[in-house]
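Protein chains in written order, with the working numbering: chain A, 1 to 424; chain B, 1 to 379.
Structure representation (C-alpha cells):
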C-alpha cells in the first residue's frame with residue numbers, strides 16, 4: 001500500500017515542478033482576490049461616479065471649446081486656412097453670414113456670443129447686432145461689404161482672430177485666464193491686462209490663508225495632542241470628546257457662532273470694552289483675522305488626530321532612555337520626541353492645508369472682499385455667470401497645485417522615513 | 001567564609017530606609033536598606049510586583065522615594081534629575097531611538113555631553129567593535145534582530161563610562177538560546193570593564209548565572225541578599241528556598257531542637273531530622289525544604305540506617321534529557337520531585353536507580369541527609 005502512494009506522489013511532484021511557482025501562487029490566491037475585489041467593488045463604483053467622474057469632467061471642461069464650432073461651423077471651416085495676417089477672404093465672410101442666418105433660425109446665436117465675449121469684450125453686441133441686421137444672405141461677393149456695413153468690427157483683424165482662437169475643439173484659453181495670461185493678436189502668451197489679472201492674487205491669497213491656518217493649527221494642536229497622548233486613558237477620553245465636539249455641530253453653525261463672538265457688538269468686543277482694555281470696538285471679523293480664527297477652529301481636529309496617533313505610538317521609554325543617557329528634558333524632546341512626531345505633523349499639516357485650500361463657506365461668511373479664496377470664484381463662475389470653462393480651469397489649477405504639494409510632501413516624508421522602529 | 005576574608009569595597013550605592021508608595025495606602029517598597037559596592041554585579045530578583053523594578057526606577061531617578069535617601073558615591077541623589085545622575089540604563093524593550101542609526105544611537109549620550117567630535121567618533125567605533133557590529137553602524141534599529149538591538153542598547157549605556165549601569169530585564173524578549181549567550185556576554189563585559197551593574201530580573205537562573213550578589217525581593221522587602229551559592233544552599237526562609245531552584249516542601253511540627261538540628265514530625269506521618277534554620281522552637285509548625293538532587297530513592301525492602309527515611313509511592317517519571325525526574329507521593333506532598341542523575345551523590349546512589357526501573361504505583365523509600373533538609377518558616 002505504501003509503494004503506490006509514494007509513486008503517485010512523486011508523479012504529482014514532477015507535474016507540479018513543471019508549473020511555475022508564481023502561477024501556482026496566483027491560482028491559489030485567485031479566490032481570495034476575487035472576494036476582496038467583490039468587497040471593494042461598491043465603493044469603487046461609488047467613487048468612480050462621485051469622484052473620478054466629476055474630476056475628469058472638470059478637467060475636460062477646462063479645455064473643452066466646442067460652442068463656437070457648433071454654432072458657426074462653416075466660418076470655422078473657412079478660417080482653417082486663414083493665416084491671420086490680413087483680414088480673411090470673401091469666402092469666410094460669406095460662410096459667417098450663412099452661419100449667422102442659420103443660427104438665428106435655430107436660436108443658438110447666444111451660445112457663441114457668450115463664449116466669444118469671454119475672449120473679446122463686446123463681441124456679444126457685435127454678433128447679436130449683426131444677426132439682427134442681416135436680413136438676407138448677401139449676394140455672392142458682397143458678404144464682406146455687407147457685414148462691414150452692419151458692424152465695422154468685421155473689418156478688424158482682432159474680431160476674426162477671436163473667432164479663429166475659439167474654433168476649438170480644445171483650448172488653453174480658460175487655463176491661461178486662470179493664470180492671468182492671455183494670447184495677443186499674434187498668438188504669443190502674454191500677461192493679461194491688469195484689470196483682468198486677479199486670479200494669481202487669489203491663488204496666492206488662498207495659499208497664504210491655508211498656510212497660516214495650518215501653522216496656527218499646528219501651534220495650537222501640538223500641545224493638545226501631547227496632553228492627550230500623555231494622560232491616562234480615562235481623562236484622555238474625556239479630552240478627546242472635547243476635541244471631537246466641533247464635528248457634532250454643522251460647519252455653518254460653527255461659523256455663525258464666530259460672527260456672534262467677533263462682530264463689533266459681539267461678545268469679545270463687549271467684554272474687552274467692559275474691562276476697559278480697549279476704547280473702541282476692534283475690527284475682528286470680515287477681515288483676514290476672522291477668516292483665520294474661524295478656519296483654525298474648524299480644522300483643528302484634523303491636526304490633532306494625526307498628531308495624537310503618532311504621539312501615542314511613541315513609547316515613554318524613549319524619553320526615559322534619553323534622560324538616562326544624559327539628555328536634559330528639552331534636548332530629549334527636540335532630538336528624540338519631536339523627530340518621531342514628524343510623520344504626524346506632516347500628515348496633519350497636509351490634511352489641514354488641503355482642506356483649507358477648498359474652503360468656501362467660512363471665508364464667504366466671516367471674510368471681507370479681500371479675503372475670498374479661490375473656491376469663492378469657482379462658485380461664482382459656476383452658479384452666477386455660468387462660465388463653466390473658467391470655473392473648471394480654476395479648479396484644475398488648484399488641483400494641480402495641490403497634487404504638486406502632496407508630491408513634495410511625499411518626497412520630504414520619504415527622506416525622513418522612520419523604518420519600523422521598536423513600538424512598545 | 002570567603003566574604004569575611006575580602007575587605008568590602010566602599011559602597012557606591014546606598015539605599016537608606018527607602019519606602020515607596022504609589023497610592024498612599026500600600027507600600028510597594030517597605031523600608032529598603034541595601035549597599036552596592038563598586039564593581040559589583042548585583043541582581044534584584046523577585047516575582048512581579050515585588051518592588052524590584054520600582055527600586056531600580058528610584059535609583060535611575062524616574063521614581064521618587066516616598067521616604068528615605070539614596071546615595072550614589074556618598075552623594076544624596078533623591079533630588080537629582082535622571083539626566084544628571086550619570087547612570088547608564090538598558091531598558092526591557094531596548095528603547096533604541098527608531099529615527100537614528102545604530103551609530104547615532106550610540107553617539108547620543110556623547111553628543112548630549114558635547115564630547116568633542118573626534119573623541120566621540122573613536123568611542124562609538126570602539127563600542128561598535130566591542131559588540132562586533134561595526135558593519136551595521138548605518139542601519140536603523142528596526143532592521144536589527146532582537147539580540148543585535150540588545151547589544152546596541154548595551155553599548156549605548158556603556159559608551160559614556162557611567163559610574164553605574166542599570167539593566168531592567170534586558171533579556172526578557174529574547175529566546176532561550178540567545179538569552180543564555182547574552183548572559184555570558186554581559187557577564188564578560190562586567191568583568192573586563194569593571195563596571196558596577198544593578199540588574200533586575202524575575203528569572204532565577206539568569207540571576208544565578210550572572211550575579212556577584214542577589215537580592216531576593218518579595219512583597220516590597222528584601223528577603224535575603226547573598227552570593228548565588230549561599231542563596232541556594234542556605235536560604236533564610238521558605239520564600240527564598242522556593243524561589244531559587246527546585247524545591248520540595250513538607251509541612252510538619254517541630255518536636256525537639258538540638259543545637260543546629262531539630263526533629264520534625266511530618267503532617268503526613270513520619271519524622272525527620274532537619275537543620276533548624278528558621279524555627280522558633282519546639283511545638284512550632286515548620287516547612288521543610290529539600291532539593292530534588294539531594295534525595296535518593298531506595299527500592300522497597302532495602303535496609304538502611306539513614307535518619308531520614310520516608311515511604312513513597314511513585315506517581316510518574318519525567319525524562320528531561322540530561323536527567324530524569326521521579327514524581328513521588330511523600331507524606332502529604334503528591335508532587336515530590338526526585339532528580340535521577342548518574343553520579344550525583346555517591347553515598348545516596350543506592351541501587352543506582354534510573355527512570356526506567358521505576359513504575360507508577362511502585363512503593364519505594366526516599367532518604368536524604370539531615371544537612372540537606374532545612375526547617376524553615378511555615379508557608
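Backbone N, C-alpha and C fix where the C-beta goes; we use that ideal spot for every residue, glycine too.
* Whole-angstrom C-beta distance between residue 344 (chain A) and residue 307 (chain A), which should lie under 8 Å -> Position 307 of the first chain, counted from the start, is the residue given in the question as residue 307 (chain A). Position 344 of the first chain, counted from the start, is the residue given in the question as residue 344 (chain A). Approximately 4 Å separates the beta-carbon atoms of residue 307 (chain A) and residue 344 (chain A); this is inside 8 Å, confirming the contact.
* To do: Consult DSSP for residue 264 (chain B) and reduce its assignment to one of helix, strand or coil.
  => By one-based count along the second chain, residue 264 (chain B) stands at place 264. Three-state result, residue 264 (chain B): strand.
* Going by alpha carbons, who is nearest to residue 382 (chain B) out of B:149, B:70, B:130 and B:153? -> The structure shown has nothing for residue 382 (chain B), since chain B only spans 1 to 379.
* For residue 409 (chain A), collect the residues of the same chain with a Cβ closer than 7 Å to its Cβ; drop the 5 residues on either side in sequence, then sort them by chain order. => In the first chain, residue 409 (chain A) corresponds to position 409, counting from 1. Excluding sequence neighbours, residue 409 (chain A) sits near 346 and 350.
* **Nearest to residue 256 (chain B) (by Cα), restricted to the options B:371, B:280, B:200 and B:170** => The sequence position of residue 256 (chain B) within the second chain is 256, counting from 1. Nearest Cα to residue 256 (chain B) within the set B:371, B:280, B:200 and B:170: B:280.
* Is the CB of residue 239 (chain A) under 9 Å away from at least one CB in chain B? -> In the first chain, the residue the question calls residue 239 (chain A) occupies position 239. Judged by the 9 Å Cβ criterion, residue 239 (chain A) is not in contact with chain B.
* Taking all protein chains shown into account, do 16 or more other C-beta atoms lie within 10 angstroms of the C-beta of residue 277 (chain A), making it buried, or fewer, making it exposed? -> Your numbering for residue 277 (chain A) matches position 277 in the first chain. The residue is exposed, with fewer than 16 neighbouring Cβ atoms inside 10 Å.
* Can you find a C-beta in chain A that's less than 9 Å from the C-beta of residue 82 (chain B)? -> One-based indexing of the second chain puts residue 82 (chain B) at position 82. Judged by the 9 Å Cβ criterion, residue 82 (chain B) is in contact with chain A.
* Exposed or buried, what is residue 395 (chain A) when buried is set at 16 or more other beta-carbons lying within 10 Å of its beta-carbon? -> For the purposes of this step, residue 395 (chain A) is identified with residue 395 of the first chain, where counting begins at 1. Counting C-beta atoms within 10 angstroms of its own C-beta, residue 395 (chain A) has 16 or more neighbours from the protein chains shown and is therefore classed as buried.
* **Cα-Cα separation, residue 374 (chain B) to residue 366 (chain B)** => Indexing the second chain from 1 puts residue 374 (chain B) at position 374. Indexing the second chain from 1 puts residue 366 (chain B) at position 366. Spanning the two alpha carbons is a distance of roughly 16 Å.
* **Neighbourhood of residue 77 (chain A) by C-beta, 8 Å cutoff - its chain only, sequence neighbours within 5 removed** => In the first chain, counting from the first residue as 1, residue 77 (chain A) sits at position 77. 95.
* **Segment limits, alpha helix (DSSP H) that includes residue 299 (chain A)** => Taking the first chain and counting its residues from 1, one reaches residue 299 (chain A) at position 299. In the DSSP assignment, residue 299 (chain A) falls within the alpha helix (DSSP H) that extends over 288-312.
* Please classify residue 16 (chain B): does DSSP put it in a helix, a strand, or coil? => The residue given as residue 16 (chain B) occupies position 16 in the second chain. Shown here, residue 16 (chain B) sits in a strand according to DSSP, grouped into three states.
* Asked: Do the region 241-252 of chain B and the region 282-289 of chain B meet, that is, are 3 or more Cβ pairs less than 8 Å apart?
  -> Contact holds: three or more Cβ-Cβ distances are below 8 Å.
* Flag residue 87 (chain B) as yes if its beta-carbon sits less than 9 Å from any beta-carbon of chain A, otherwise no. => By 1-based counting over the second chain, the position of residue 87 (chain B) is 87. Yes, residue 87 (chain B) lies at the interface with chain A (some Cβ there is under 9 Å from its Cβ).
* Asked: Residues in its own chain within less than 8 Å of residue 310 (chain B) by CB, not counting five upstream and five downstream?
  -> Start at 1 with the first residue of the second chain, and residue 310 (chain B) comes out as number 310. The beta carbon of residue 310 (chain B) sits closer than 8 Å to the beta carbons of 266, 270, 272, 330, 331, 365, 366 and 367 from its chain, once the five residues preceding and following it are set aside; these are given in chain order.
* To do: Give a yes or no on contact between the region 297-314 of chain A and the region 244-252 of chain A, applying the rule of three or more CB pairs nearer than 8 Å.
  => At 8 Å Cβ cutoff, the stretches touch.
* Does any C-beta atom of chain B lie closer than 9 Å to the C-beta of residue 410 (chain A)? -> Stepping through the first chain from its first residue, residue 410 (chain A) is reached at position 410. No, residue 410 (chain A) does not count as interfacial toward chain B.
* Asked: Grouping DSSP H, G and I as helix and E and B as strand, with all else coil, what is residue 343 (chain B)?
  -> Translated into positions along the second chain, residue 343 (chain B) becomes position 343. For residue 343 (chain B), the predicted model reports a pLDDT of 42, less than 50, meaning its position is unreliable; a value from the coordinates is still stated below. Look at residue 343 (chain B) here: in three-state DSSP terms it is coil, with no helix or strand label.
* Out of A:412, A:382, A:413 and A:404, point me to the one whose CA is closest to residue 62 (chain A)'s CA. => Taking the first residue of the first chain as position 1, residue 62 (chain A) is located at position 62. The shortest C-alpha separation from residue 62 (chain A) is found at A:382.
* Is it right to say residue 167 (chain A) is buried, meaning 16 or more other beta carbons lie within 10 angstroms of its own, or is it exposed? -> For the purposes of this step, residue 167 (chain A) is taken as residue 167 along the first chain, with counting starting at 1. By the C-beta density criterion, residue 167 (chain A) is buried, having at least 16 other C-beta atoms within 10 angstroms.
* Asked: In three-state terms, what does DSSP make of residue 89 (chain A)?
  -> Sequence index remark: in the first chain, residue 89 (chain A) carries index 89 (1-based). In this structure, residue 89 (chain A) counts as coil in the three-state DSSP scheme.
* To do: Just the chain A side, please: which residues come within less than 7 Å of residue 60 (chain B) by C-beta, in chain order?
  => Within the second chain, numbered from 1, the residue matching residue 60 (chain B) stands at position 60. By Cβ distance, chain A contributes 324.
* Asked: At which residues does the alpha helix (DSSP H) containing residue 222 (chain A) begin and terminate?
  -> Along the first chain, read from residue 1 onward, the residue named residue 222 (chain A) stands at position 222. That run of the alpha helix (DSSP H) goes 199-230.
* Asked: At a cut of 8 Å, does the region 70-84 of chain A reach the region 21-37 of chain A through at least three beta carbon pairs?
  -> Because the criterion of three Cβ pairs below 8 Å is not met, the region 70-84 of chain A and the region 21-37 of chain A do not touch.
* **Min CB distance residue 217 (chain A) to chain B below 9 Å** => If you number the first chain from 1, residue 217 (chain A) lands on position 217. For residue 217 (chain A), not one C-beta of chain B is nearer than 9 Å to its own C-beta.
* Leaving aside the five residues before and after residue 178 (chain A) along the sequence, list all residues of the same chain whose C-beta is less than 7 Å from its C-beta, in chain order. => By one-based count along the first chain, residue 178 (chain A) stands at place 178. Here residue 178 (chain A) has 199, 390, 393, 394 and 397 as same chain residues with Cβ atoms under 7 Å from its own Cβ, once five neighbours each way along the sequence are excluded.
* To do: Verify the contact flag: residue 344 (chain A), CB atom, against every heavy atom of the ligand ZN, threshold strictly below 8 Å.
  => As for the ligand ZN, it is missing from this structure, which has no ligand bound.
* Asked: Helix, strand or coil: which one does DSSP assign to residue 412 (chain B)?
  -> Absent from the model: residue 412 (chain B). The displayed extent of chain B is 1 to 379, so no value can be given.
* Asked: Closest by CA to residue 253 (chain A), which one among A:294, A:201, A:75 and A:274?
  -> Mapped onto the first chain, residue 253 (chain A) falls at position 253. Cα-wise, what sits closest to residue 253 (chain A) is A:294.
* Alpha carbon to alpha carbon, how far is residue 73 (chain B) from residue 12 (chain B)? -> Walking along the second chain from the start, residue 73 (chain B) turns up at place 73. Walking along the second chain from the start, residue 12 (chain B) turns up at place 12. Answer to the nearest angstrom: the Cα atoms are 5 Å apart.
* Min CB distance residue 178 (chain B) to chain A below 9 Å -> Here the question's residue 178 (chain B) lines up with position 178 in the second chain. Under the Cβ criterion of 9 Å, residue 178 (chain B) is not counted among the residues facing chain A.
* **Where residue 371 (chain A) falls, given that 16 or more other Cβ within 10 Å makes a residue buried** => The residue you call residue 371 (chain A) lines up with position 371 of the first chain. Residue 371 (chain A) is classed as buried because its beta carbon has at least 16 other beta carbons within 10 Å across all chains shown.
* Asked: What's the call for residue 18 (chain B), buried or exposed, on a 16-neighbour Cβ count within 10 Å?
  -> Locating residue 18 (chain B) in the second chain gives position 18, counting from the first residue. Around the beta-carbon of residue 18 (chain B), 16 or more other beta-carbon atoms lie within 10 Å, marking it buried.
* **Residue-level contact to chain B via CB, residue 188 (chain A), 9 Å cutoff** => Along the first chain, read from residue 1 onward, the residue named residue 188 (chain A) stands at position 188. Not an interface residue.
* Which parts of the region 88-148 of chain B are runs of the alpha helix (DSSP H), unbroken and 4 residues or longer, counting only runs that do not cross its ends? -> Runs of alpha helix (DSSP H) with 4 or more residues, each lying fully within the region 88-148 of chain B, are found at 102-112 and 117-130, listed in chain order.
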